[in-house]
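Report on one structure; see the data block that follows.
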Amino acid sequence: MTLAQFIHCLDTYGADFRRWPDQDRAAGERLRDTSPEARQRWEAAHRLDELFALDRASAADRSRESVITDAALRRIRNVPTRKSLDWRWLFRPPMGAALGATLAAGLIAGFYAGPVLHRSAQEMGPLAVTALLDGEEELL
Amino acid sequence: MTEDSDEALMRGIAAGEERALRALAARHLERMRRLARKTLGSEAEADDVAQEALIRVWTHAASWRPERARLSTWLYTIVWRLCVDRLRALRTVPLEHAMQAEDPKPGALETLTRAGDLSRLAAAMRALQPRQRAALTLFYYEEMNGPDAAQVLGLSLRAFWSLLHRARQSVQQHMTSLSPGQP
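Line order of the protein sequences matches chains Z and W.
My numbering puts the first residue of the first sequence at 10, with every later residue one more than the last.
My numbering puts the first residue of the second sequence at 6, with every later residue one more than the last.
Quick look at the structure:
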């Protein structure tokens with residue numbers, strides 16, 4: 010292993026050789042033990058690892074965890090359940106019957122009124138339709 | 006008293022047992038918060054993310070498959086995605102400034118003997134990209150292995166190692182530039 014490879018591994022996996030890839034571990038340890046520069050680099054990496062560990066240990070604040078959990082549970086209790094979000098009630102009596110009747114009435118109205126409206130539009134011609142859309146009733 | 010396994014807790018949560026969610030939070034919330042705090046750089050934001058993550062756990066507990074991912078990996082993935090959502094929302098203000106916002110509450114770090122080193126580390130971490138912070142946190146703080154950490158961040162293993170390498174190098178460079186002996 011070259012010093013450059015050693016430094017690359019240190020900069021990725023840190024100073025703990027257990028985190029290094031299997032194939033690099035033994036060579037890395039050998040280089041650290043034989044090369045003063047590798048040793049110096051390893052010690053610097055080890056200091057940073059220690060700092061990570063210290064940061065990790067010092068920042069724990071267990072008291073906030075129960076507060077967060079309580080807040081989450083309060084929100085969970087207030088969230089509507091899936092049952093209340095179910096739209097199937099629309100299709101059950103009496104809403105289902107009402108909805109069905111409305112749909113049927115709409116279809117019937119469309120069936121009888123549609124052709125009449127279509128004929129009227131044809132009789133009026135494109136100009137009349139444009140005028141209607143523009144709201145100029147005097148053209149009629 | 007025997008502790009429930011992660012699988013048993015998740016079954017309980019899926020069945021609507023609040024006790025199971027509390028037990029899961031007692032076991033995992035600290036680490037979930039740490040990832041959010043390190044990624045977002047704010048205690049308050051981390052608390053919000055942790056709370057939201059617990060709600061997602063509650064609503065999606067049935068979708069977790071132990072054979073597909075460890076529970077910790079699944080939880081970190083939820084937290085990371087929530088962090089990404091927050092970071093996207095923050096883009097209405099310059100992201101660098103949002104990322105460097107100081108937490109108003111003084112931490113316990115300042116009371117430690119190595120407060121100087123730790124505050125330099127905190128400054129160096131703040132200077133990183135959020136994804137780099139997350140990579141460092143998962144690998145060095147949470148001691149996740151590379152494949153699991155890559156899965157959380159949605160990266161290939163190769164991309165994760167590259168990200169981790171750049172992140173650690175950046176921290177070292179920042180720490181050096183911030184050290185008292187430097188001009």
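Glycine included, every Cβ here is placed at the ideal spot set by N, Cα and C.
Within 10 Å of its beta-carbon, does residue i have 16 or more other beta-carbons around it, so buried, or fewer, so exposed?
i, result
"F61 of chain Z", "buried"
"F120 of chain Z", "exposed"
"Q65 of chain W", "A small correction: the amino acid at residue 65 of chain W is His; Gln does not occupy that position in the sequence shown. Looking at its Cβ environment, which holds fewer than 16 other Cβ atoms inside 10 Å, H65 of chain W is exposed."
"G115 of chain Z", "exposed"
"Q137 of chain W", "buried"
"L133 of chain W", "buried"
"V76 of chain Z", "exposed"
"R93 of chain W", "exposed"
"E12 of chain W", "exposed"
"E46 of chain Z", "exposed"
What is the DSSP secondary structure of residue i, reduced to helix, strand or coil?
i, result
"G115 of chain Z", "helix"
"D11 of chain W", "helix"
"Q137 of chain W", "helix"
"L160 of chain W", "coil"
"V88 of chain Z", "coil"
"W154 of chain Z", "Residue 154 of chain Z lies beyond the stretch modelled for chain Z, which goes from 10 to 149, so this question has no answer here."
"T44 of chain W", "helix"
"W79 of chain W", "helix"
"R131 of chain W", "helix"
What number of angstroms, rounded off, separates the C-alpha of residue i from the C-alpha of residue j?
i, j, result
"L160 of chain W", "A128 of chain W", "26 Å"
"Q174 of chain W", "R24 of chain W", "43 Å"
"L82 of chain Z", "D42 of chain Z", "54 Å"
"A140 of chain W", "A53 of chain Z", "20 Å"
"Q49 of chain Z", "G23 of chain Z", "13 Å"
"K92 of chain Z", "A19 of chain W", "A caution first: K92 of chain Z carries a pLDDT of 49, below 50, which makes its placement in the model unreliable, though a value can still be read off. Answer to the nearest angstrom: the Cα atoms are 15 Å apart."
"W79 of chain W", "W69 of chain W", "7 Å"
"E59 of chain Z", "T142 of chain W", "14 Å"
"A172 of chain W", "E57 of chain W", "27 Å"
"E147 of chain W", "R36 of chain W", "7 Å"
"V176 of chain W", "S10 of chain W", "37 Å"
Which residues in the same chain have their Cβ closer than 7 Å to the Cβ of residue i, if we skip the five residues on either side of it in sequence?
i, result
"M10 of chain Z", "D33, A36, G37 and L40"
Among residues of its own chain, excluding the 5 on either side of residue i, which ones have a beta-carbon nearer than 8 Å to its beta-carbon?
i, result
"D20 of chain Z", "A54"
Since residue i meets chain A, which of its residues come closer than 7 Å, beta carbon to beta carbon?
i, result
"A30 of chain W", "Although the question refers to chain A, the structure presented lacks it and instead comprises the protein chains Z and W."
Open item on the list: Contact between the region 77-84 of chain W and the region 149-165 of chain W is defined here as three or more beta-carbon pairs at a separation below 8 Å; is this criterion met?
Closed with: yes
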